[in-house]
Amino acid sequence: MITRFSFFQWMVFGLLLVLGFGLFHTQVVRGHYYYELSLRNHIRLIPLEAPRGQVFDQKRRLLATNRPSYNVVAIPEDVTPEVYPRLSKLLQMSEKELRQRMSAGREYPFAPAMIKADVPQELAFKVEERRPELPGVSIRVDGIRHYPYGETASHVIGYIGAISRHEYDSLPRDRFGMNSTIGRAGIERVFDDVLRGWRGGEQIEVNARGELVKVLSNRKPEPGSDVTLTLDLEFQKRIMEMIKGLHASVAVLDLETEGLLALASAPAYDPNIFVSPSANEQRLALLKVQDSPLLDRSLHAAYPPGSVFKLVTALAGLETGKITPQTRFVCRGTFRLGPKAKVAHCWFAEGHGSINLYEALERSCNVYFFNVAKRLSPDDIARYAHELGLGEPLRLEIANLAPGFIPDSAWKKSRFKQPWYQGETMNMAIGQGYVQVTPFEILRLTSIIAKDGRIVVPHLVSQDPAIKVERSHVAIHEQNLNAIKRGMLQVVESDYGTGQLARVDFDKLAGKTGTAQAPPLKAHSWMTGFFPYKNPKLAFVVFVEHGGSGGITSARLVKQMLETWKDLNATAIA
Amino acid sequence: MLRRLLKGIHFPLVFSVLGLAAVGLLFIYSASFRDAGDYEAKQLFWIILGLVVLIGVPFIGYRSFLSISFLFYILTLILLVLVDFFGNRHLGAQRWLEFGPVAIQPSEFAKLGALLAVVNFLGSHHPWEGQTKTVSIAVLLLAIPFFLIVKQPDLGTALLFIPMSIVMLYLWGVRKRFLVGVFGALALAVPVTWGFLKGYQKKRLLVFLDPNLDPLGSGYTALQAKIAVGSGGLWGKGYLSGTQSQLHFVPEHHTDFIFCVIGEEWGFLGSLLVLCLYGFLFHSIFLIMQHTTDVKAKMLCGGVLALFAAHILINVGMTFGLMPIAGVPLPLVSYGGSSFLMNCMALGLVLSVYRERSIF
Numbered sequence: 002m003i004t005r006f007s008f009f010q011w012m013v014f015g016l017l018l019v020l021g022f023g024l025f026h027t028q029v030v031r032g033h034y035y036y037e038l039s040l041r042n043h044i045r046l047i048p049l050e051a052p053r054g055q056v057f058d059q060k061r062r063l064l065a066t067n068r069p070s071y072n073v074v075a076i077p078e079d080v081t082p083e084v085y086p087r088l089s090k091l092l093q094m095s096e097k098e099l100r101q102r103m104s105a106g107r108e109y110p111f112a113p114a115m116i117k118a119d120v121p122q123e124l125a126f127k128v129e130e131r132r133p134e135l136p137g138v139s140i141r142v143d144g145i146r147h148y149p150y151g152e153t154a155s156h157v158i159g160y161i162g163a164i165s166r167h168e169y170d171s172l173p174r175d176r177f178g179m180n181s182t183i184g185r186a187g188i189e190r191v192f193d194d195v196l197r198g199w200r201g202g203e204q205i206e207v208n209a210r211g212e213l214v215k216v217l218s219n220r221k222p223e224p225g226s227d228v229t230l231t232l233d234l235e236f237q238k239r240i241m242e243m244i245k246g247l248h249a250s251v252a253v254l255d256l257e258t259e260g261l262l263a264l265a266s267a268p269a270y271d272p273n274i275f276v277s278p279s280a281n282e283q284r285l286a287l288l289k290v291q292d293s294p295l296l297d298r299s300l301h302a303a304y305p306p307g308s309v310f311k312l313v314t315a316l317a318g319l320e321t322g323k324i325t326p327q328t329r330f331v332c333r334g335t336f337r338l339g340p341k342a343k344v345a346h347c348w349f350a351e352g353h354g355s356i357n358l359y360e361a362l363e364r365s366c367n368v369y370f371f372n373v374a375k376r377l378s379p380d381d382i383a384r385y386a387h388e389l390g391l392g393e394p395l396r397l398e399i400a401n402l403a404p405g406f407i408p409d410s411a412w413k414k415s416r417f418k419q420p421w422y423q424g425e426t427m428n429m430a431i432g433q434g435y436v437q438v439t440p441f442e443i444l445r446l447t448s449i450i451a452k453d454g455r456i457v458v459p460h461l462v463s464q465d466p467a468i469k470v471e472r473s474h475v476a477i478h479e480q481n482l483n484a485i486k487r488g489m490l491q492v493v494e495s496d497y498g499t500g501q502l503a504r505v506d507f508d509k510l511a512g513k514t515g516t517a518q519a520p521p522l523k524a525h526s527w528m529t530g531f532f533p534y535k536n537p538k539l540a541f542v543v544f545v546e547h548g549g550s551g552g553i554t555s556a557r558l559v560k561q562m563l564e565t566w567k568d569l570n571a572t573a574i575a
Numbered sequence: 002m003l004r005r006l007l008k009g010i011h012f013p014l015v016f017s018v019l020g021l022a023a024v025g026l027l028f029i030y031s032a033s034f035r036d037a038g039d040y041e042a043k044q045l046f047w048i049i050l051g052l053v054v055l056i057g058v059p060f061i062g063y064r065s066f067l068s069i070s071f072l073f074y075i076l077t078l079i080l081l082v083l084v085d086f087f088g089n090r091h092l093g094a095q096r097w098l099e100f101g102p103v104a105i106q107p108s109e110f111a112k113l114g115a116l117l118a119v120v121n122f123l124g125s126h127h128p129w130e131g132q133t134k135t136v137s138i139a140v141l142l143l144a145i146p147f148f149l150i151v152k153q154p155d156l157g158t159a160l161l162f163i164p165m166s167i168v169m170l171y172l173w174g175v176r177k178r179f180l181v182g183v184f185g186a187l188a189l190a191v192p193v194t195w196g197f198l199k200g201y202q203k204k205r206l207l208v209f210l211d212p213n214l215d216p217l218g219s220g221y222t223a224l225q226a227k228i229a230v231g232s233g234g235l236w237g238k239g240y241l242s243g244t245q246s247q248l249h250f251v252p253e254h255h256t257d258f259i260f261c262v263i264g265e266e267w268g269f270l271g272s273l274l275v276l277c278l279y280g281f282l283f284h285s286i287f288l289i290m291q292h293t294t295d296v297k298a299k300m301l302c303g304g305v306l307a308l309f310a311a312h313i314l315i316n317v318g319m320t321f322g323l324m325p326i327a328g329v330p331l332p333l334v335s336y337g338g339s340s341f342l343m344n345c346m347a348l349g350l351v352l353s354v355y356r357e358r359s360i361f
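Which chain is which? The protein sequence lines are V and P, in order. If you read the first sequence in the numbering used here, its first letter stands for residue 2, the second for the next number, and so on. If you read the second sequence in the numbering used here, its first letter stands for residue 2, the second for the next number, and so on.
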């Protein structure tokens, strides 16, 4: 009888026997074949890099694509000594540099080493012609990243760069090779995994002279997937032209799809210089420039919001019941908290007289909002600022952290070990002092107002399923939002309005201007709003660093932007 | 003193360990003498430490190990979870934990931890009592480390749990229908595990079925390993003069692919020598198993044996295309401290079974 024990014993020795037979077959029966193959190792593995996915705008126009590039590569094991002088003359590289390139780290033996990337076509042909006297050297045509519109949407698309040795070691081989690139900023970075394909390769048998005998196996690379953005390239391009030379940013959101139509920041940079190895100096120059063109001013730079913040103060006053839209305060051009307090000024020295909330928004009266703030605590204002998305995470595909900041009394206490002074509430109410916001946060705030309190999550990639929000509406009453909307309408459409320069003749616009003091330089210029007033389609924010008055610099840009938008959409329909 | 220490040691087993360790040392040197790293010196240190463990464990006795097995089991699980958080990434996998200069591989410890815990658990329940509950708990005990290791991802090591589990249950006396059940559960687990696998692991398995699928990754390695072993022929190319392994065609040739170096430089005869040493080791373990009446001891030895056999099957099998490419060391031969110490500890437990054998 076979016991369990003896069955186990048989299994184990049977297994060793199987291994023995397998090895006998491989080593003794087929040994000669493998010995032949091993002689000069006749197997070459030629990696085939997968083309990176493309980036389109909403109308399928190419924002990032690949162009063919000619690379001079060599298999160092096949290169003979007389190749070096010939190649060095041809490529105008020193022999020393050539040797360095040849001995640089490679993925496996007999892998081709990159000698010179992206050479001109004529040179590539010349090398190809002379191949018989250059054993081991060949020309490989690879795809190289190309951004056809240069700086137009550079901050959104971002750029790519070569991977580091450390990254190479920690990443899977079938996706990253030693000469692979990886997204370093923007969409290229965040969607790298989507855009990146799977590498392929060709295993070939060669003869003693390194010539192809037969292809043993072949795996085609799988190209990366494409990404389609919500941006409208033409719109973005015209906006970039408008703000050329300024330090400014413009963001426009389609309120129906919640997709960003334009996200422009100036100055910008040409992402192509990150691709081409010959553009080293330009890259370094970019980092040294004072205006930091790499910075996306709409997402990553925070500024005092100035009068734009009055929207928040007004909502806080309404929601806490401290004011109604009809509450009147008298503005005589100055304001004092108490008899001994410092005098604060309205921007309009003669004073606005007795005005209600609508008029106060329309004329951006500081004194009115000082009076509102007097009835509020800083924490009230902070609460509604957060409710409207200020100082909260961004949740845009390419950025999560917003550098915006909303102060409150607890923060002041822990930061400065001082109580909050009422005077600081005055400052906060008109968007000065510690308050810092990014233009993008203001865009989101305006969108929430425009959509009657619906929480808007702007996005950039159209196939991305909408980001789940925990709740659909902010905790603010709709009638209060409507009061704010009416005030914003008057900002543009009333003849006393601070934003009337933005008025367009084809529909009603609602907005709010801001002129944030930034001594010692000129003030920052803001304007945000939505369009048209009824059934809004667009929300936008325009910001010009040290641009002066919001009602002038930004309002003019808004008008231009809206006219462009109408232009583009009219032609689209026709 | 020395006589007392060596009394009750099963010398054939120690002899085969020494033989395998010596072959390992020779070929770790051959595989790495051109590179910096002094692997052979480090391995010598591990071997000496391992031998101390091998001789020392029988003095503590396997019963003490079994009594703290659950503690040890929990500890290895914690290490496995830690590796998920703090582990070192290498080629997309997280397998190592660094403690100062020493990097340990928790999955090595987890194998022994699970083995001891299951032996202790099953041994405390008689197979004639209701089996359903006992078997389910034992399978659960094995499944937890299994999935943690799959998640790392280290598929090769995780797969080693399967033969070990089956052998332990089998020797315990599990009913045939449960064994069928376990196989059925495994068949069900395959699609689930497939979902857990990283893209490159799926590809590795597919490459095993069709080596032409992935010339870039493991298909290339598989072919190069085969060329290395096959080109050794009957006699081999001679010690230190293999061309394939020396030229780095085969990756990690001092660890997982050391058998390629042996096969290439010492040929079929060298391969046979290694297999015979393992055969001798297994034979010794079987002898020890025959001499014990303790069911726990039997399962313990069986589990250790199954673990060794599975390692060898995968490691040697992958060099000539019988098995997919997996990062599994060749026990007692491959370079690596965690692995060598754990193997010595496992065999120390087997020696302890011999020392405490029933004498008729």
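Even for Gly, the Cβ is constructed at its ideal location relative to N, Cα and C.
State yes or no: is the beta carbon of residue i nearer than 8 Å to at least one beta carbon in chain V?
i         : result
P:Leu-301 : no
P:Met-290 : yes
P:Lys-227 : yes
P:Gly-157 : no
P:Phe-258 : no
P:Val-296 : no
P:Thr-244 : yes
P:Ala-310 : yes
From residue i to residue j, what distance separates their C-alpha atoms?
i         : j         : result
P:Asn-213 : V:Glu-206 : At P:Asn-213 the pLDDT is 47, less than 50, meaning the model places this residue with poor confidence and gives no usable figure here.
V:Gly-392 : V:Ala-411 : 15 Å
P:Thr-293 : P:Tyr-355 : 7 Å
V:Ser-39  : V:Ala-51  : 29 Å
V:Glu-494 : V:Ala-511 : 8 Å
V:Val-542 : V:Arg-132 : 58 Å
V:Leu-563 : V:Gly-246 : 20 Å
V:Met-115 : P:Leu-81  : 40 Å
P:Trp-236 : P:Tyr-30  : 20 Å
V:Leu-64  : V:Pro-82  : 45 Å
V:Asp-255 : V:Leu-262 : 6 Å
Establish whether the CB of residue i and some CB of chain P are separated by less than 8 Å.
i         : result
V:Tyr-304 : no
V:Ile-76  : no
V:Tyr-71  : no
V:Ser-165 : no
V:Tyr-1   : Only positions 2 to 575 of chain V appear in the structure, and residue 1 of chain V is not among them; the question remains open.
So, under 8 Å CB-CB, residue i and residue j are touching, yes? Tell me the CB distance rounded to an integer number of Å.
i         : j         : result
P:Lys-297 : P:Leu-67  : 6 Å
V:Tyr-369 : V:Arg-487 : The Cβ separation is near 15 Å, so there is no contact.
P:Leu-224 : V:Ile-76  : Rounded, the Cβ-Cβ distance is 18 Å, inconsistent with contact.
V:Pro-459 : V:Glu-259 : 6 Å
P:Tyr-221 : V:Leu-46  : 5 Å
V:Gly-585 : V:Ser-299 : Lying before the first or after the last residue shown, residue 585 of chain V is absent from chain V, which here runs from 2 to 575.
Cβ pair count under 8 Å reaching 3, the region 53 to 60 of chain V against the region 78 to 94 of chain V: no
Residues, ordered as in the chain, of the region 185 to 216 of chain V that lie near chain P by beta-carbon distance below 7 Å: Arg-200, Gly-201, Gly-202, Glu-203 and Gln-204
Segment contact flag, the region 518 to 536 of chain V with the region 222 to 238 of chain V, C-beta cutoff 8 Å, min 3 pairs: Not touching, per the Cβ criterion.
The region 331 to 346 of chain V in contact with the region 259 to 278 of chain V per 3-pair CB rule at 8 Å: no
Contact between the region 310 to 319 of chain P and the region 151 to 171 of chain P (3+ Cβ pairs under 8 Å): yes
Segment contact, 8 Å Cβ cut-off, at least three pairs: the region 223 to 242 of chain P with the region 20 to 39 of chain V: yes
Chain V contacts made by the region 29 to 41 of chain P, where a contact means CB separation under 8 Å: Listed by position along the chain: nothing, the set is empty.
Selection of the region 174 to 198 of chain P by Cβ proximity to chain V, strictly under 7 Å: none
Residues in the region 11 to 33 of chain V having any Cβ partner in chain P nearer than 8 Å: Val-13, Phe-14, Leu-16, Leu-17, Val-19, Leu-20, Gly-21, Gly-23, Leu-24, Phe-25, His-26, Thr-27, Gln-28, Val-29, Arg-31, Gly-32 and His-33
Members of the region 318 to 335 of chain P near chain V, C-beta cut-off 7 Å: Against chain V - using a Cβ distance shorter than 7 Å - the residues of the region 318 to 335 of chain P are Gly-318, Phe-321 and Leu-323.
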